[in-house]
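Quick mapping for you: the protein sequence lines, in order, are chains X and R.
With my numbering, the residue at position 40 of the first sequence is 40, and numbering never jumps.
With my numbering, the residue at position 31 of the second sequence is 236, and numbering never jumps.
Protein chains: 2
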Amino acid sequence: MNQPRYQRRKEDRPEEITAAALEAFAKNGYAATRVDEVAKRAGVSKGLLYLYFKTKEELFKSVVRSFVMPRIDTLIKIIETSDMSSEKFLRGPFLDFARQVPGSPISVIVRLMVAEGPKHPDLVQFYWDNVVSHGLGAINELLWHGVQSGEFQRSTVSEQPALFVMPVIFSVIFNLLFSKQPIDTDRLIETQIDLLISHLKGHTT
Amino acid sequence: MNQPRYQRRKEDRPEEITAAALEAFAKNGYAATRVDEVAKRAGVSKGLLYLYFKTKEELFKSVVRSFVMPRIDTLIKIIETSDMSSEKFLRGPFLDFARQVPGSPISVIVRLMVAEGPKHPDLVQFYWDNVVSHGLGAINELLWHGVQSGEFQRSTVSEQPALFVMPVIFSVIFNLLFSKQPIDTDRLIETQIDLLISHLKGHTT
DNA sequence: CTCGTTACTGACCCATGAGTCAGCAACTAC
DNA sequence: GTAGTTGCTGACTCATGGGTCAGTAACGAG
């Protein structure tokens, strides 16, 4: 008859709260998100949230840890284990990954990092160590491999992995800001990859 | 003997306050900047600030107006009045402009927009109307001109002005976050422009 | 059905900072 | 000088929201 007003589910709470926080941050950004709102989304009181996360900042850290690293690690695994040509990898798995980032939680994290990063140097360091350096390093290695095997020519392009990441980050930020005039993310990413590969294959100076 | 505690300098106040606001925003971001601090930096009381700017948001708009719009407008003027070839313009004035952005107040504004835009849709709209649409429009026109005159081939590149802006925005954000491992901004921008022009001049598919 | 443990609630506290306003003092005209 | 104007001050109000804690009720053990 009388439904219990709540259930005790200690195990699941942190995960659920973290997911709710991602939603809220996605919608409003970090500073503008009320802890009350996160709690509400998680179907929980504010007090309970503070039992699991000491501060709002802890909550933020938890979101970063939960939603970014697994994705990047997966991609790096593919680079390391597969033996396809560099071009095949760039046009295949890498392009697929790049195209799906703008619609994934990673895009939210990117924005949060840009917004709150300067106030949380330790978080930025963590993000660099576990995500950025790995990602850029992997691309670097891939390009180096291409050059070594004679598939790509050595040039200034083959030494700047950022050229490959650029359109992804740019698209994420552009569309988060100007959602009213969205950019064609897929097209931008594809064009850039095409340009880069064209160059690396020696079709131009 | 008795120095006056302040001088009445109605003419200069708005400009000085705007400059102070830019400094404060650069240091702390929009939300984290206290109006009190801006006033202090400007050597003025908070009350006076509110005589010249109705709200904190007005203050922000004033910063954009003073430090961003003139730069963009100057660049557009050059496009419209000069009759140099599209390539010359891209390799000359445009490249110069792009290279100096990361060290200019514009980079501060970009960061602010990314970080706090979602909470202030009207600010985003203001920025779009007065800066982004003008800038992208100008590049579009330039590319179209190049195509019309036969200087450039028509392609997917000539229809995506964002390709030219991308490295600038990316550099600003990257270096803001990871100032410990800064990226070579000039090199990135130059490489991208080279790639794009190479393509547009028909050296590749 | 107890009774003890503890996951959970939500009303509360209080630091913060945007925005206000009554009065003061710098300047001007005479 | 002195009276009028107005640029300017800074103490104030008040909404907001992060963080707390005394109490409540779900659940398990006996």
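Heads up, the beta-carbon is just placed ideally off N, CA and C, and yes, glycines get one too.
All values derive from a computational prediction rather than experimental measurement.
Residue range of the alpha helix (DSSP H) that includes residue i
i                : result
HIS199 (chain X) : 185–200
ALA412 (chain R) : The structure shown does not extend to residue 412 (chain R), since chain R is modelled only from 206 to 410, so the question has no answer here.
ALA74 (chain X)  : The question names Ala, yet the displayed sequence has Thr at residue 74 (chain X). Counting along the chain, the alpha helix (DSSP H) containing THR74 (chain X) begins and ends at 69–81.
Residue i - DSSP class collapsed to helix/strand/coil
i                : result
GLU220 (chain R) : helix
LYS54 (chain X)  : coil
ALA32 (chain X)  : coil
TYR211 (chain R) : coil
PRO387 (chain R) : coil
GLN358 (chain R) : coil
VAL243 (chain R) : helix
GLY43 (chain X)  : coil
SER158 (chain X) : helix
SER85 (chain X)  : coil
HIS408 (chain R) : coil
ALA343 (chain R) : helix
ALA229 (chain R) : helix
MET1 (chain X)   : Here the model assigns MET1 (chain X) a pLDDT of 46, short of 50, so the residue's position is not dependable, and the following value carries that caveat. It is coil, neither helix nor strand.
ARG270 (chain R) : helix
Spatially closest choice to residue i from the options, by CA coordinates
i                : options                                : result
ALA226 (chain R) : R:HIS325, R:ASP241, R:LEU341           : R:ASP241
LEU381 (chain R) : R:ALA231, R:GLU220, R:ALA224           : R:ALA231
THR33 (chain X)  : R:VAL377, R:ILE398, R:LYS324, R:GLU285 : R:LYS324
VAL337 (chain R) : R:VAL273, R:LEU300, R:GLN358           : R:VAL273
ALA24 (chain X)  : X:THR185, X:ASP12, X:SER82, X:ALA39    : X:ALA39
ASP122 (chain X) : X:GLU11, X:ARG65, X:ALA42              : X:ARG65
ALA343 (chain R) : R:SER291, R:VAL319, R:VAL306, R:LEU256 : R:SER291
THR279 (chain R) : R:THR390, R:HIS339, R:LEU405, R:ARG210 : R:HIS339
SER62 (chain X)  : X:ARG99, X:ARG13, X:SER104, X:MET84    : X:ARG13
ASP301 (chain R) : R:TYR235, R:ASN233, R:VAL319, R:VAL370 : R:VAL370
GLN397 (chain R) : X:ARG187, X:GLN160, X:SER171, X:ASP186 : X:GLN160
VAL104 (chain X) : X:TYR52, X:GLY150, X:SER155, X:PRO70   : The sequence given here places Ser at residue 104 (chain X); Val does not occur at that position. Comparing Cα positions, the closest option is X:PRO70.
GLU11 (chain X)  : X:LEU51, X:PHE152, X:SER198            : X:LEU51
PHE60 (chain X)  : X:PHE94, X:PHE152, X:VAL110            : X:VAL110
PHE178 (chain X) : R:GLU356, R:GLY407, R:GLU321           : R:GLU321
GLU285 (chain R) : R:HIS408, R:GLY252, R:ALA247, R:ASN345 : R:ASN345
GLY355 (chain R) : R:GLU220, R:GLY407, R:LEU368, R:GLU263 : R:GLY407
Supposed contact pair residue j and residue i - C-beta distance, whole angstroms, cut 8 Å
i                : j                : result
LEU254 (chain R) : ILE277 (chain R) : Contact flag wrong, Cβ pair sits at about 27 Å.
LEU347 (chain R) : PHE294 (chain R) : 6 Å
VAL362 (chain R) : ILE394 (chain R) : Contact flag wrong, Cβ pair sits at about 16 Å.
ILE388 (chain R) : ILE173 (chain X) : ILE388 (chain R) to ILE173 (chain X), Cβ: 16 Å. No contact.
GLN386 (chain R) : TRP128 (chain X) : 7 Å
VAL101 (chain X) : SER107 (chain X) : 6 Å
GLN358 (chain R) : LEU401 (chain R) : About 12 Å separates the two Cβ atoms, so there is no contact after all.
PHE375 (chain R) : PHE170 (chain X) : 6 Å
LEU317 (chain R) : TYR235 (chain R) : 5 Å
Could you tell me which uninterrupted alpha helix (DSSP H) segments, each at least 4 residues in length, are contained entirely in the stretch 295–337 of chain R, listed from first to last along the chain? 300–305, 310–321, 326–332
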